[in-house]
Amino acid sequence: MRQGRVSKAQRRAYSDLLPLYGVPFLPSALDFDRLFGRAAPKILEIGFGMGETTATIAQEHPENDYLGIEVHTPGVGSLLKRIADLHLENVRIIQHDAVEVVEHMIAPAALAGVHVFFPDPWPKKRHHKRRLMQPAFVALLASRMKRGARVHACTDWEEYARQMLEVLSAEPVLRNTAPGYAGRPEARPETKFLFITGFGDQFPELRELIKYGTNILQKPFLPSELLRKVEDTLSQGEAATGTEG
Ligand SMILES: C[S@@+](CC[C@H](N)C(=O)[O-])C[C@H]1O[C@@H](n2cnc3c(N)ncnc32)[C@H](O)[C@@H]1O
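What follows is the structure, encoded as structure tokens:
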């Protein structure tokens, strides 16, 4: 499991709050209503990163329950802290591989929605098979969705967007509600991302951080001095920075 840097606050949230809001991985289907203490629509989010989008959506939609899956410990700590700060009652977390969670812990037709926001793009061709959105996984996800449930997926990696559209459109159980690509729905807030293209040897420190096959970094992962240097370079137009959406 990838660990990365964990801040003090994230570590404290992790140890104090994981027992309250975390769900251990078990190879048996969850009783969702029991987990959240009520019957309400259940939305699964895969790879919530630092959890800012998850927390915002959960706060704006108290009528839904959100189960977030993430493998990365600083992200889990970060979302736990947001849950406590915002007094969210409708979020639970599983720190485990999403494919195994969906396969073993989600009952058929249990979900009212699935969120997959900026999954790792695995840009190198030989790594494409590691991408999350593959036909078999999409079929598995579809089997866990209720009639009328929605998958909401987005990426800022053009070629991955094409693959997502192709794979989702080819799944017979799903129907695209947009004519092709859909725009950003208002329900998904914008968050700042730094996506790094073509830095080469310019910042060898970044190479160290980009271990996971992605060219996207979230700013909280960067030491502030390095972030300043990178942003200076970006502002000179030598690479691209972006706001997702
Ligand atoms: C590029 S980040 C996007 C984070 C977040 N969705 C956002 O929009 O800010 C992708 C995240 O997916 C997580 N991830 C990748 N594969 C995963 C898997 N199989 N199971 C759970 N999490 C995964 C990574 O740890 C990473 O935090």
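Position in the sequence shown (first residue = 1) + 867 = our numbering.
Every residue gets a Cβ at the ideal spot worked out from N, C-alpha and C, and that includes glycine.
**Prompt:** Are Val958 and Tyr881 touching if we call contact CB-CB under 8 Å?
**Reply:** Position 91 of the sequence shown, counted from the first residue, corresponds to residue 958. Position 14 of the sequence shown, counted from the first residue, corresponds to residue 881. No, these two residues do not count as a Cβ contact at 8 Å.
**Per-residue DSSP class, three states only, for Leu934** = By 1-based counting over the sequence shown, the position of residue 934 is 67. Under the three-state reduction of DSSP, Leu934 is assigned to strand.
**Request:** Buried or exposed for Gly1065, please, with buried defined as at least 16 other CB atoms from any protein chain shown within 10 angstroms of its CB.
**Result:** Translated into positions along the sequence shown, residue 1065 becomes position 198. Any answer about Gly1065 is weak, because its pLDDT of 47 lies below 50 and its placement is not dependable; what the coordinates show is given next. Exposed.
**Asked** Among the residues of its own chain, which have a CB less than 7 Å from the CB of Leu1041, if the five just before and after it don't count?
**Response** Here residue 1041 refers to the residue found at position 174 of the sequence shown. Same-chain partners within the cutoff: Ala1009, Val1018 and Leu1035.
**Sufficient close CB pairs (3 or more, under 8 Å) joining the segment 965 to 979 to the segment 910 to 923** = Contact holds: three or more Cβ-Cβ distances are below 8 Å.
**Request:** Please indicate yes or no: does the CB of Val969 lie closer than 7 Å to some heavy atom of ligand 1?
**Result:** What you label residue 969 is simply residue 102 of the sequence shown in a count that begins at 1. No, Cβ of Val969 sits at least 7 Å from all heavy atoms of ligand 1.
**Message:** Just checking Gly935 against ligand 1 - is the residue's beta carbon closer than 7 Å to any of the ligand's heavy atoms?
**Reply:** Residue numbering aside, residue 935 sits at position 68 when the sequence shown is read from its first letter. Flag unset: Cβ of Gly935 not near ligand 1.
**Item:** Met1031 vs Ala1020 beta-carbon contact at 8 Å
**Value:** As a working note, residue 1031 is residue 164 in the sequence shown. As a working note, residue 1020 is residue 153 in the sequence shown. It is a contact, given that the beta carbons lie within the stated cut-off.
**Message:** Using a Cβ-based criterion (distance less than 7 Å to any ligand heavy atom), does Pro986 qualify as near ligand 1?
**Reply:** As a working mapping, residue 986 is identified with position 119 in the sequence shown. With a cut-off of 7 Å, the C-beta of Pro986 is classified as near ligand 1, since at least one heavy atom of the ligand falls inside that distance.
**Request:** Please report the residue range of the beta strand (DSSP E) in which Ala1020 lies.
**Result:** Translated into positions along the sequence shown, residue 1020 becomes position 153. Where Ala1020 is concerned, the enclosing beta strand (DSSP E) stretches over Met1012 to Cys1021.
**Item:** Three-pair Cβ contact test at 8 Å for the segment 985 to 1002 versus the segment 925 to 939
**Value:** Fewer than three Cβ pairs drawn from the segment 985 to 1002 and the segment 925 to 939 lie within less than 8 Å of each other, which leaves the two stretches out of contact.
**Message:** Let me make sure I understand the geometry here. Which of Tyr933, Leu884, Leu1093 and Val873 has the alpha-carbon closest to that of Pro941?
**Reply:** As a first step, residue 941 is located in the sequence shown; it is residue number 74 there, counting from the start. Closest by alpha carbon: Val873.
**Item:** C-alpha gap between Gly1080 and Pro990, whole angstroms
**Value:** Position 213 of the sequence shown, counted from the start, is the residue given in the question as residue 1080. Position 123 of the sequence shown, counted from the start, is the residue given in the question as residue 990. In this prediction, Gly1080 scores a pLDDT of 45, lower than 50, which makes its location untrustworthy; no coordinate-derived value is stated.
**Asked** Between which two residues does the alpha helix (DSSP H) harbouring Gly944 extend?
**Response** As a position in the sequence shown, residue 944 is number 77, starting the count at 1. Looking at the DSSP string, the run of the alpha helix (DSSP H) that includes Gly944 is Thr940 to Asp952.
**Request:** Report the rounded CA-to-CA distance for Val938 versus Glu1053, giving the unit in angstroms.
**Result:** Translated into positions along the sequence shown, residue 938 becomes position 71. Translated into positions along the sequence shown, residue 1053 becomes position 186. If you take the alpha carbons of Val938 and Glu1053, they lie about 27 Å apart.
**Prompt:** Going by beta carbon distance, what residues of the same chain come within less than 7 Å of Ala906, once the five residues before and after it are set aside?
**Reply:** Counting from 1 along the sequence shown, the entry for residue 906 is found at position 39. Contacts found: Asp900.
**Request:** Please work out which residues of its chain come closer than 8 Å, Cβ to Cβ, to Arg878, disregarding the five sequence neighbours upstream and downstream, and give them in chain order.
**Result:** As a position in the sequence shown, residue 878 is number 11, starting the count at 1. Contacts found: Gly944.
**Message:** Runs of 3 residues minimum, wholly inside the segment 978 to 1010: which ones carry the beta strand (DSSP E) assignment?
**Reply:** With a minimum length of 3 residues, the continuous beta strand (DSSP E) runs that stay inside the segment 978 to 1010 are 978 to 984.
**Asked** Under a three-way DSSP split, which group does Ile924 fall into?
**Response** Numbered from its first residue, the sequence shown carries residue 924 at position 57. It is helical.
**Request:** Flag His939 as yes when its Cβ comes closer than 7 Å to any non-hydrogen atom of ligand 1, and as no otherwise.
**Result:** Stepping through the sequence shown from its first residue, residue 939 is reached at position 72. Yes; taking the cut-off as 7 Å, the Cβ of His939 has a heavy atom of ligand 1 nearer than that.
**Message:** Please tell me whether Phe903 and Asp883 are closer than 8 Å, where the distance is taken between their beta carbons.
**Reply:** Taking the sequence shown and counting its residues from 1, the one referred to as residue 903 is at position 36. Taking the sequence shown and counting its residues from 1, the one referred to as residue 883 is at position 16. No, these two residues do not count as a Cβ contact at 8 Å.
**Prompt:** Alpha carbon to alpha carbon, what distance is there between Asp1099 and Phe892?
**Reply:** Position 25 of the sequence shown, counting from 1, holds the residue named residue 892. Position 232 of the sequence shown, counting from 1, holds the residue named residue 1099. Between the alpha carbons of Phe892 and Asp1099 lies a gap of roughly 42 Å.
**Message:** What does the alpha-carbon distance come out to for the pair Phe1070 and Gly1015?
**Reply:** One-based indexing of the sequence shown puts residue 1070 at position 203. One-based indexing of the sequence shown puts residue 1015 at position 148. Straight through space, the alpha carbons of Gly1015 and Phe1070 are spaced by roughly 47 Å.
**Prompt:** If you draw a straight line from the C-alpha of Arg1029 to the C-alpha of Ile973, how long is it?
**Reply:** What you label residue 1029 is simply residue 162 of the sequence shown in a count that begins at 1. What you label residue 973 is simply residue 106 of the sequence shown in a count that begins at 1. A direct Cα-Cα distance of roughly 27 Å separates Arg1029 from Ile973.
**Prompt:** CB of Ile913 to nearest heavy atom of ligand 2: below 7 Å?
**Reply:** Absence of ligand 2 from the depicted structure is noted, with ligand 1 being the only ligands included.
**Message:** For Thr1044 and His994, what's the separation of their Cα atoms in angstroms?
**Reply:** Your numbering for residue 1044 matches position 177 in the sequence shown. Your numbering for residue 994 matches position 127 in the sequence shown. Rounded to the nearest whole angstrom, the CA to CA distance from Thr1044 to His994 is 30 Å.
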